[in-house]
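> Encoded as structure tokens, here's the structure I'll be asking about.
2 protein chains.
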Amino acid sequence: MSGNIYSVASQAGVSISTVSRALRGDPRIRQSTRKRVEEAAAELHYVPQAAAQRLAGTPIQALGIVLPHIEGTYYAELAVGFEMRASEFQTSVLLLLANPKSDQRASVRRLVGQVDGVAFMAMSAATDELISEIALRMPVVTVARTQLDGVPAIFAESVASADELTTHLIETGRRNPVFIGQVDPGSDISARYEGFSAALRRASMDVPDNINVAMDEDTGRSLAQKFVSRGLKYDALVCGNDEIAVALVHELQELGVRVPEQVSVVGWDDIRVSRYLRPGLTTVCQPVAQLGALAAEHLHRLLAGESVDDRVVLPTTIVHRQSCGCTTEESITTQEGES
Amino acid sequence: MSGNIYSVASQAGVSISTVSRALRGDPRIRQSTRKRVEEAAAELHYVPQAAAQRLAGTPIQALGIVLPHIEGTYYAELAVGFEMRASEFQTSVLLLLANPKSDQRASVRRLVGQVDGVAFMAMSAATDELISEIALRMPVVTVARTQLDGVPAIFAESVASADELTTHLIETGRRNPVFIGQVDPGSDISARYEGFSAALRRASMDVPDNINVAMDEDTGRSLAQKFVSRGLKYDALVCGNDEIAVALVHELQELGVRVPEQVSVVGWDDIRVSRYLRPGLTTVCQPVAQLGALAAEHLHRLLAGESVDDRVVLPTTIVHRQSCGCTTEESITTQEGES
DNA sequence: CTGAAAGCGCTTACAG
DNA sequence: CTGAAAGCGCTTACAG
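First to last, the sequence lines map onto chains A and B. Start counting at 1 in the first sequence, then tack on 15, and there's your number in the numbering used here. Start counting at 1 in the second sequence, then tack on 15, and there's your number in the numbering used here.
As structure tokens, this is what we get:
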């Protein structure tokens, strides 16, 4: 569409070698020559084609990030964290939303051709097989999904905080808690159910099956209606995320159920709404942007030939508000290994 | 890091021309040859380097999207809308968050070297000058920011809906409304203030200056405190976005002010919280994902040599909830030109 | 301090 | 149906 290095060279009356060197800040180029080149480049609105630079050997770094196609702040924040750290490394970010409708494999391979490393975030971003295949080609990290052999993984702590949250509910007198959310093997959610189960077992209570539903607002609303029409037999709802928790609280209240007096509700993610709900939603706050940033950083280090931890688990914080039925207002940070 | 087209060729016992053609689905290649090539490629985990393909002439499409670095759902949804439409065109998306701290110009130019077209979203994404310069090089569109000469622009309707919303407040008896938000020339927010002003003038009321503050939650909270400590002299707060509106409502209530009885509050964006607030926040819903999708589509068409509308304004919808003090529950869609 | 030339990994007319 | 060769726009040893 516009000038290339040859046009700049002829405009400046030098060779393309000189143009290249002048623009890349090679100290050998004379000041006056450099200036002439820069003026010519500016005049022609010249920007080097990254494709050619890359092919010629310049390490133009670009990283890819694959997210499931889901609205909501969680994935956005992951992407923001990733991009911000990447930009500190002068690294571009390619964003791919794994669209279940289209050919995931084809999209991912298209992405792979354009980047030096990829982060797969969340279980549904891609199949284990696809990720393993890509990992043979270039640095790959995963975030919040089953760890694959030889692929560094990053998590937010889930088991211990779910355990703690559930224990807290038990200690404040709840006897019939249930876990709400889809427990796909390897997912964050399944780790939360695991922690939930552990707490119940420790208290010698039966562990009920999870209520296996999509964790969105619509589902929350209809679930609340179902609960109320059939008679609510639980006294605590431990939700896989805040979205469904918020919708549950809101709809239960609309239907005349008192939260937390009749039923405690807790969620996960500390989305914005949770703070403004009445009662405020007790939830677990994850360092989401940090997860993203760490993914970018690991890829960058891998590309530099450095090594990174095979598995990192970032601590989460339980945010106590009123929906759990307690009165404390403190936040407790939970690291892996505690319980 | 791993095989190139030569290694695949030798593995399959053919020339690189044949590898290229086989993998790109050229019908001239014999079935059996194609199969051999595909097997070799699979075995070597071969993925063509986009940089080389692009240089050799294949139109590997990639589009860039520049957003201000802001958390929150609005920009995320823009990006999602953009990516989804782009992926329908087999087009990759490079994401750049304009980081005020780093050298914006350098980041944008790095992006420009890697894409075929760019969308600049929101006023603060980049300076007019930078955008105009890029537009000389490749297709560019802007979203929700001042229109530049020769650069197709996309907006969500703002003036008419702000006017309508304000008129609604006046009709329900408000006499001292004020607009809250930073009114940067050319921004969406400034268009909202314009509509706000028009409504007041039509009602022969004085137009107060906007309260010129950042539109985030912290500001909302401290503003509410200031209002209360100095005696609230307004009876309607028209906010530039929902974030500050929600924080205002919440904090005012904490301080004993009744909303909407003592003061109406309305916002913009229909973020998730708005629905769960009590009273529900009256606000304006923008087709955000659509804005993003349209930007991607326009760039794609520009690249295909087609023309696009120089200026598109998408309709918004006023969502009446209770914070404005009215009892209607309807939503009204506002297009440009109405008022 | 600067230039001519090789080469990066592909695609695609042009031959056969 | 397949291959040899030119060329895309750069960078960077190698000469000078």
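Ideal Cβ placement from N, Cα and C applies to all residues, glycine included.
Determine whether the Cβ of Arg190(A) lies closer than 8 angstroms to any Cβ atom of chain B.
With 8 angstroms as the cut-off, Arg190(A) does not count as an interface residue toward chain B.
> Taking just the CA atoms, how far does Gly87(B) sit from Val272(A)?
One C-alpha to the other measures close to 31 angstroms.
> Given that a residue counts as buried once 16 or more other Cβ atoms are within 10 Å of its Cβ, and exposed if not, what is Arg125(B)?
When all chains shown are included, Arg125(B) counts as buried.
> Going by beta-carbon coordinates alone, are Phe194(A) and Val253(A) separated by less than 8 angstroms?
Contact: yes.
> Taking the CB atoms as reference points, tell me whether Asp250(A) and Val278(A) lie closer together than 8 angstroms.
In this structure, Val278(A) lies closer than 8 angstroms to Asp250(A) by Cβ.
> In the structure shown, what three-state DSSP assignment does Gln337(A) receive?
DSSP places Gln337(A) in coil when its eight states are reduced to three.
> For the region 209-227 of chain B against the region 301-308 of chain B, are there 3 or more C-beta pairs whose distance is under 8 angstroms?
Counting Cβ pairs under 8 angstroms, fewer than three are found: no touch.
> At least one CB of chain A closer than 8 angstroms to the CB of Ala66(B): is that the case?
Yes - at least one Cβ of chain A is within 8 angstroms of the one on Ala66(B).
> Can you list, in chain order, the residues of its chain with a C-beta nearer than 7 angstroms to that of Gln162(A)? Leave out the 5 residues immediately preceding and following it.
Cβ within range, chain order: Ala168 and Arg326.
> In three-state terms, what does DSSP make of Met136(A)?
Correct three-state label for Met136(A): strand.
> Determine the contact status of Ala55(A) and Ile44(A), defining contact as a CB-CB distance below 8 angstroms.
Against a cut-off of 8 angstroms, the Cβ pair of Ile44(A) and Ala55(A) comes out as no contact.
> Does Gln105(A) come within less than 8 angstroms of chain B when only Cβ atoms are used?
Yes, Gln105(A) counts as interfacial toward chain B.
> Is Gly188(B) near the ligand MG, going by C-beta to nearest heavy atom under 7 angstroms?
Inclusion of the ligand MG in the displayed structure is not the case, the ligand content being empty and no account of it being possible.
> By the criterion of Cβ-Cβ separation under 8 angstroms, what are the contact partners of Glu98(B) in chain A?
What Glu98(B) touches in chain A: Leu110, Leu111 and Leu112.
> Using the Cβ count rule (16 or more neighbours within 10 Å means buried), how would you classify Gln46(A)?
When all chains shown are included, Gln46(A) counts as exposed.
> At a CB-CB cut-off below 8 angstroms, which residues of chain B make contact with Arg124(A)?
Near Arg124(A) (Cβ distances below 8 angstroms), the residues of chain B are Val62.
> Along chain A, which residues have their Cβ under 9 angstroms away from the Cβ of Thr48(B)?
Per Cβ cutoff of 9 angstroms: no residues; Thr48(B) is ~21 angstroms from chain A at best.
> Hey, could you find the ends of the beta strand (DSSP E) Gly79(A) is sitting in?
Ala77 to Pro83 is the span of the beta strand (DSSP E), which, as asked, contains Gly79(A).
> Could you tell me whether the Cβ of Gly128(A) comes closer than 8 angstroms to any Cβ of chain B?
Answer yes: the Cβ-Cβ gap between Gly128(A) and chain B drops below 8 angstroms somewhere.
> What are the start and end residues of each continuous alpha helix (DSSP H) run of 4 or more residues lying completely inside the region 159-192 of chain A, in chain order?
With a minimum length of 4 residues, the continuous alpha helix (DSSP H) runs that stay inside the region 159-192 of chain A are 174-186.
> Relative to the C-alpha of Glu58(B), which candidate in Ala94(A), Leu151(A) and Val222(A) has its C-alpha closest?
For the residues Ala94(A), Leu151(A) and Val222(A), the minimum Cα distance to Glu58(B) belongs to Leu151(A).
> With a threshold of 8 angstroms between beta-carbons, can Leu70(A) be considered close to chain B, or not?
Yes, contact with chain B.
> Going by CA-CA distance only, name the one from Ile149(A), Asp164(A) and Val222(A) that's closest to Arg190(A).
Ranking the options by Cα distance to Arg190(A), first place goes to Val222(A).
> Give the DSSP-derived three-state secondary structure of Ala319(B) in the structure shown.
Coil.
> Counting contacts by CB-CB distance shorter than 8 angstroms, is Ser102(B) in contact with chain A?
Yes, contact with chain A.
> Within 8 angstroms (strictly less), CB to CB, does Met16(B) reach chain A?
Any reading at Met16(B) is ruled out, since the residue's pLDDT is 43, under 50, leaving its predicted position unreliable.
> Where do the N-terminal and C-terminal ends of the alpha helix (DSSP H) with Leu109(B) fall, by residue?
Where Leu109(B) is concerned, there is no enclosing alpha helix (DSSP H), although the beta strand (DSSP E) it sits in stretches over Ser107 to Ala113.
> Taking the continuous alpha helix (DSSP H) assigned at Arg69(A), which residues delimit it?
Its alpha helix (DSSP H) spans residues Ala65 to Leu70.
> Return the Cβ separation of Ala140(B) and Pro83(B) in integer angstroms, given the expectation that the two are a contact with Cβ distance under 8 angstroms.
About 5 angstroms; that satisfies the 8 angstroms criterion.
> Using the three-state DSSP reduction, which class does Phe97(B) fall into: helix, strand or coil?
In this structure, Phe97(B) counts as helix in the three-state DSSP scheme.
> So for Thr298(B), helix, strand or coil by DSSP?
Residue state, collapsed to three classes: strand.
> Along chain B, in chain order, which residues have C-beta atoms closer than 9 angstroms to that of His265(A)?
Within 9 angstroms Cβ-Cβ: Arg290 and Tyr291.
> Since Ala319(B) contacts Phe97(B) with CB under 8 angstroms, what's their CB separation in whole angstroms?
Wrong, their Cβ atoms sit about 17 angstroms apart, outside the cutoff.
> So that I know if they touch, is there some Cβ in chain B lying closer than 8 angstroms to that of Leu38(A)?
No - not a single Cβ of chain B is within 8 angstroms of the one on Leu38(A).
> Quick check on the DSSP output: the beta strand (DSSP E) that includes Arg326(B) runs from which residue to which?
Where Arg326(B) is concerned, the enclosing beta strand (DSSP E) stretches over Arg326 to Leu329.
> I'd like to check one pair, Val174(B) with Ala137(B): are the Cβ atoms closer than 8 angstroms?
Going by C-beta atoms, Ala137(B) is not nearer than 8 angstroms to Val174(B).
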